[in-house]
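Visitor: Protein chains in written order, with our numbering: chain A, 1 to 221; chain B, 222 to 447; chain C, 448 to 692. Virtual Cβ for every residue (Gly too), placed ideally from N, Cα, C.
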Amino acid sequence: MIETFLNPEIIAAAWPIVLAGLLNTILLSLIVVPLGLFGGLILAVLATVHHPLVRWPLMAWVDFFRAFPPLVLLVLLFAGLPFAGLELSGFACVAIAFFLNTGAYYGEIFRAGIESVPTGQVEAGRSTGLSRLQAMTYIVLPQAVRNVLPDLLSNTLEVVKLTSLGSVVAVPELLFQARQAQSLTYSPTPIVVAAIIYFLLLWPLVRLLSRLENRALVGRR
Amino acid sequence: MSTWDRFVETFFNGKVMLKYLPDILSGMVVTIELAVLIVLSGLFAGLVLALLRSLAIRPLNWLIVFLVDLFRSLPPLVIIVLIYFGLPAADISPSGFVSTWLSLALVLMAFSEEIFWAGITSVPRGQWEAARSTGLSFGQTLMSVVLPQALRLTIPPLTNRTIAITKGTALGTVVAVTEILGQASSAVSNSYNPSPLMMGAAAYIVLFLPVVVAARWIESKFAWKR
Amino acid sequence: MNAIVEARGIHKHFGHLHVLKGVDLAVAERELVFVIGPSGSGKSTLLRCLNRLEEPSSGTVVVDGIDMLDPKTDINHARQRIGMVFQSFNLYPHMTALGNVTLALRKVAGKSRAEAEALGHAALARVGLADRAGHTPGQLSGGQQQRVAIARAIALEPRVMLFDEPTSALDPELVGSVLEVMRGLRESGMTMIVVSHEMGFARNAADRVVFMDQGLIVEQGPPSAIFEAPAQERTRAFIGQIQRH
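(1) Quick one: what's got a C-beta closer than 8 angstroms to T383/B's C-beta in the same chain, skipping five residues either side?
(2) Does the beta carbon of Y106/A sit closer than 8 angstroms to a beta carbon anywhere in chain B?
(3) Which residues in chain B sit within 7 angstroms of R66/A, going by Cβ to Cβ distance?
(4) Would the C-beta of L663/C count as close to the ligand FAD, meaning under 7 angstroms from any of its heavy atoms?
(5) Name the two residues that bound the continuous beta strand (DSSP E) containing S275/B.
(6) Please report how far the alpha carbon of L467/C lies from the alpha carbon of F65/A, in whole angstroms.
(7) Output the boundary residues of the alpha helix (DSSP H) element that contains T390/B.
(8) Quick check on this structure: which residue in I686/C, P540/C, R573/C and A551/C has the alpha carbon closest to the alpha carbon of A563/C?
(9) Select from E173/A, A170/A, F176/A and L165/A the residue whose C-alpha is nearest the C-alpha of L392/B.
(10) One question on the structure: do L418/B and L76/A come within less than 8 angstroms of each other, judged by their Cβ atoms?
(11) If you draw a straight line from the alpha carbon of V159/A to that of L298/B, how long is it in whole angstroms?
(12) N147/A: which of L43/A, A95/A and P118/A sits nearest, CA to CA?
(13) Grab me the residues of I285/B's own chain with a C-beta within less than 6 angstroms of its C-beta, minus the 5 sequence neighbours each way, in chain order.
(14) If contact is defined by three or more beta carbon pairs under 8 angstroms, each pair taking one atom from either stretch, is the region 481-497 of chain C in contact with the region 541-561 of chain C?
(15) If you run the structure through DSSP and keep just helix, strand and coil, what is Q667/C?
(16) Could you give the DSSP three-state label for V432/B: helix, strand or coil?
(17) Alpha carbon to alpha carbon, what distance is there between A144/A and L576/C?
(18) If we count the other Cβ atoms within 10 Å of its Cβ and call it buried at 16 or more, is F228/B buried or exposed?
(19) Just tell me which of S559/C, M659/C, S643/C and A600/C has its CA closest to the CA of L571/C.
(20) Spatial neighbours of G662/C within its chain, please: C-beta separation below 6 angstroms, excluding the five flanking residues on both sides.
(21) Looking only at its chain, what residues have a beta carbon closer than 6 angstroms to the beta carbon of Q370/B, apart from the 5 residues adjacent to it on each side?
(22) Cβ closer than 7 angstroms: which chain A residues qualify as neighbours of S425/B?
(23) Could you give the DSSP three-state label for A352/B: helix, strand or coil?
(24) Using beta carbons (cut-off 8 angstroms, strictly below), is A339/B in contact with chain A?
(25) Which runs of the alpha helix (DSSP H) spanning at least 4 residues fall entirely within the region 128-184 of chain A, listed in chain order?
(26) With DSSP collapsed to three states, give me the class of D578/C.
(27) Mind listing the chain C neighbours of Q370/B? Cutoff is C-beta to C-beta under 8 angstroms, in chain order.
(28) How close, in whole Å, do the beta carbons of Q593/C and V642/C come, if the pair is a contact with beta carbons under 8 angstroms?
(29) Run the CB neighbour count on W15/A, radius 10 Å, all protein chains shown included, and call it buried at 16 or more, exposed below.
(30) Pick out the complete alpha helix (DSSP H) segments inside the region 639-691 of chain C, 4 residues or longer, and give them in chain order.
(31) Just checking, does the region 520-533 of chain C make contact with the region 605-625 of chain C on the three C-beta pairs under 8 angstroms criterion?
(32) Using a beta-carbon distance below 8 angstroms, is A351/B in contact with chain C?
(33) Can you check whether the C-beta of L208/A is within less than 8 angstroms of a C-beta belonging to chain B?
(34) What whole-angstrom Cβ distance do I686/C and F674/C have, given they're in contact under 8 angstroms?
(35) Grab the span of the beta strand (DSSP E) containing T583/C for me, first residue to last.
(36) Under the three-state reduction of DSSP, which class applies to V250/B: helix, strand or coil?
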């Protein structure tokens, strides 16, 4: 069993390929997460404009990108755009697709966070002369973020996992590299190794989230 | 031909779309089959795990928590690839369909267990005490008093999470499942035209947008006064 | 006395906290025992040890001949003989008043739905809420909710009723309706152990008042003795404090 799934020789041989993939995954995450956060923040701040002409298109946009599978979006950009004469690299497609998709998710989270801050806070700020933007930046957002931190972390976890989709459009992240190594060595070992790496990489965040979200069945038996 | 006409000819080519419409439709059927299987098995398994967890048997709890952590940490695509490309080395060769179903069901199991558990533990202690004080057993209390209340709390996060995971059915393309994206992609390569992809996108919207809207409605229904 | 409730040598530790330091309590049939004392004295904990909602760290509890702490005892069966009413009512919000009352009748006492509903209606009538059987807790006032909670407990025909601060969470004007039901229960001969601050009720209805402080019973006796002429200094101090209101 070990021979097949965790073959030491193959691990040694595939290691450089897999490591390169890991680095790319981390790099990709470091780019995509801030992009998504930024997009989400913009959407959420826009949502505070209560004008129906702004509200409805915004809600439609968010619902659309939450309903639309990210992989389909990715393929649409990667395989579809060339027909319009636009050839984007797999990496660029991932960046755009994620900006649109995860931006919508982060947007909803930020919006819930902003709504959880009592309006009295803004009123107090405005009454001391702060502009809308200043009140948003210094009073509302810090509290909003604190309120929805677990959800933000949870979604960030999802985004990092989503980078594995890059393997479908030949972005050399961890999963892609692992599959390359697998076809080169005719062994499932590289994929197992990649899975273990993903687990080690993401498990601390999962544990942290669990801690934040969880309780024991105290006194309830 | 103007740019617009050329754009429509390319991306919304009527002839191509008509030719591949049956394929997309059969793809939709596969997507729906997968989604239903995933939702039913994933939620069931998650609920069972949460109920087992309420028994407070330590070693069992560690196992449950480990499983849940595992399937929350691994990207679904990695699990699919592991099952489809990895298991054959152990002489088990699941089809692409089964690999996708299994993988996403396991992920849904993990996430839904956490959500069910949060629901169960947030039912006030007093409910347990009152029920137990009238002689109801642990199991009866769980079933008749706690779970009904817990389930109401779990509906909003559960619908969100379920939708997110079932969108993963598109990942089946990677292992040759003939769901929407798979069909659309083959059609695009065969016809050298991206219209099937636009149809596929439309198919996903047709399937999932109503679900998202229905989810919003369900969430509002279950906001109940304490 | 023929004790229907006999608790001996009850100790309870919560971690490092020694909440009950060796309490003996015997309650006779048809007796109404009122337990008073400052917060933290352990009175609620003692009550909850009687139906084993709290596990005593040591000691024995025998109710109606059943050893409550024996692992071989069917605790669910035993608990049917003891009714409990809680400070925060703890009604099941997803069921009607009738549903709340009949749940245990159906599941534990094994009554058919028709039987259970008949008994349920009777219990609700006893607490004056026959016309509210179909209401959910959210549609009832605090006093009504507590009365439904009492109906839920008495429907099982317990031998003893335990009341853990039954009126403390109620608005003052609603307290009377609950006390009245409790008075009715007393008159029908129910054995009752009540932890409460309702001194007026204690004076009029209690057979015995037990004063607890810091995990021990300091003094007990008829209401006239405890309220008018307490023997212990601590009792005197406590009574003095509450009289001032």
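Guide: Quick answer:
(1) Taking the second sequence and counting its residues from 1, one reaches residue 383/B at position 162. Take T383/B, set aside five residues on each side of it, and the residues of its chain with a beta-carbon closer than 8 angstroms to its own are V260, G263, L264, L329 and S333, in chain order.
(2) For the purposes of this step, residue 106/A is taken as residue 106 along the first sequence, with counting starting at 1. For Y106/A, not one C-beta of chain B is nearer than 8 angstroms to its own C-beta.
(3) In the first sequence, counting from the first residue as 1, residue 66/A sits at position 66. V433, listed in chain order.
(4) This structure lacks the ligand FAD; in fact it carries no ligand of any kind.
(5) For the purposes of this step, residue 275/B is taken as the residue at position 54 of the second sequence. In the DSSP assignment, S275/B falls outside any beta strand (DSSP E) and carries neither an H nor an E.
(6) Here residue 467/C refers to the residue found at position 20 when the third sequence is read from its first residue. Here residue 65/A refers to the residue found at position 65 when the first sequence is read from its first residue. Rounded to the nearest angstrom, the two C-alpha atoms are 60 angstroms apart.
(7) Here the question's residue 390/B lines up with position 169 in the second sequence. No alpha helix (DSSP H) holds T390/B; DSSP gives it neither H nor E.
(8) Residue mapping note: residue 563/C aligns to position 116 of the third sequence, counting from 1. Minimum Cα distance to A563/C is reached at A551/C.
(9) In the second sequence, the residue the question calls residue 392/B occupies position 171. Comparing Cα positions, the closest option is L165/A.
(10) Looking up residue 418/B in the second sequence gives position 197. Looking up residue 76/A in the first sequence gives position 76. In this structure, L76/A lies closer than 8 angstroms to L418/B by Cβ.
(11) Sequence index remark: in the first sequence, residue 159/A carries index 159 (1-based). Sequence index remark: in the second sequence, residue 298/B carries index 77 (1-based). So the two alpha carbons sit approximately 13 angstroms from each other.
(12) Along the first sequence, read from residue 1 onward, the residue named residue 147/A stands at position 147. Of the candidates L43/A, A95/A and P118/A, the one whose C-alpha sits nearest the C-alpha of N147/A is P118/A.
(13) In the second sequence, counting from the first residue as 1, residue 285/B sits at position 64. Excluding residues within five positions, the ones whose Cβ falls inside 6 angstroms are L270 and R274.
(14) No: fewer than three Cβ pairs fall under 8 angstroms.
(15) Residue 667/C sits at position 220 when you count from the first residue of the third sequence. Three-state result, Q667/C: strand.
(16) In the second sequence, the residue the question calls residue 432/B occupies position 211. Here V432/B carries a helix assignment [DSSP, helix/strand/coil].
(17) Start at 1 with the first residue of the third sequence, and residue 576/C comes out as number 129. Start at 1 with the first residue of the first sequence, and residue 144/A comes out as number 144. Computed Cα separation, rounded: 46 angstroms.
(18) Taking the first residue of the second sequence as position 1, residue 228/B is located at position 7. The residue in question, F228/B, is exposed, as its Cβ has fewer than 16 Cβ neighbours within 10 Å.
(19) Indexing the third sequence from 1 puts residue 571/C at position 124. Nearest of S559/C, M659/C, S643/C and A600/C to L571/C, Cα basis: A600/C.
(20) By one-based count along the third sequence, residue 662/C stands at place 215. Non-local C-beta neighbours of G662/C in its own chain, meaning closer than 6 angstroms and more than five positions away in sequence, comprise V466, L467, K468 and G489, ordered along the chain.
(21) Taking the first residue of the second sequence as position 1, residue 370/B is located at position 149. Its chain contains V344 as the residues whose beta carbon lies nearer than 6 angstroms to that of Q370/B, once the 5 sequence neighbours on both sides are disregarded; these appear in chain order.
(22) Position 204 of the second sequence, counted from the first residue, corresponds to residue 425/B. Ser is not the amino acid found at residue 425/B; the sequence shown has Tyr there. Within 7 angstroms Cβ-Cβ: F68, P69 and V72.
(23) If you number the second sequence from 1, residue 352/B lands on position 131. Per DSSP, reduced to three states, the secondary structure at A352/B is helical.
(24) Within the second sequence, numbered from 1, the residue matching residue 339/B stands at position 118. Under the Cβ distance rule, A339/B counts among the residues neighbouring chain A, one pair being separated by less than 8 angstroms.
(25) Along the length of the region 128-184 of chain A, whole alpha helix (DSSP H) runs at least 4 residues long occupy 141-147 and 149-162, reported in chain order.
(26) Taking the first residue of the third sequence as position 1, residue 578/C is located at position 131. Looking at D578/C - three-state DSSP - the assignment turns out to be helix.
(27) For this step, residue 370/B is matched to residue 149 along the second sequence. Taking a Cβ-Cβ cut-off of 8 angstroms, the neighbours of Q370/B in chain C comprise Y539, P540 and H541, given in sequence order.
(28) Position 146 of the third sequence, counting from 1, holds the residue named residue 593/C. Position 195 of the third sequence, counting from 1, holds the residue named residue 642/C. Not really, about 14 angstroms apart at Cβ, beyond 8 angstroms.
(29) Within the first sequence, the letter at position 15 stands for residue 15/A. Under this definition W15/A is an exposed residue.
(30) Runs of the alpha helix (DSSP H) inside the region 639-691 of chain C: 646-652 and 680-690.
(31) Under the Cβ criterion (8 angstroms, minimum of three pairs), the region 520-533 of chain C counts as touching the region 605-625 of chain C.
(32) Walking along the second sequence from the start, residue 351/B turns up at place 130. Yes - at least one Cβ of chain C is within 8 angstroms of the one on A351/B.
(33) Taking the first residue of the first sequence as 1, we reach residue 208/A at position 208. No, its Cβ sits nowhere closer than 8 angstroms to a Cβ of chain B.
(34) To locate residue 686/C, count along the third sequence from 1; it is residue 239. To locate residue 674/C, count along the third sequence from 1; it is residue 227. So it is a contact: roughly 6 angstroms between Cβ atoms.
(35) By 1-based counting over the third sequence, the position of residue 583/C is 136. No beta strand (DSSP E) holds T583/C; DSSP gives it neither H nor E.
(36) Residue mapping note: residue 250/B aligns to position 29 of the second sequence, counting from 1. Under the three-state reduction of DSSP output, V250/B falls in the helix class.
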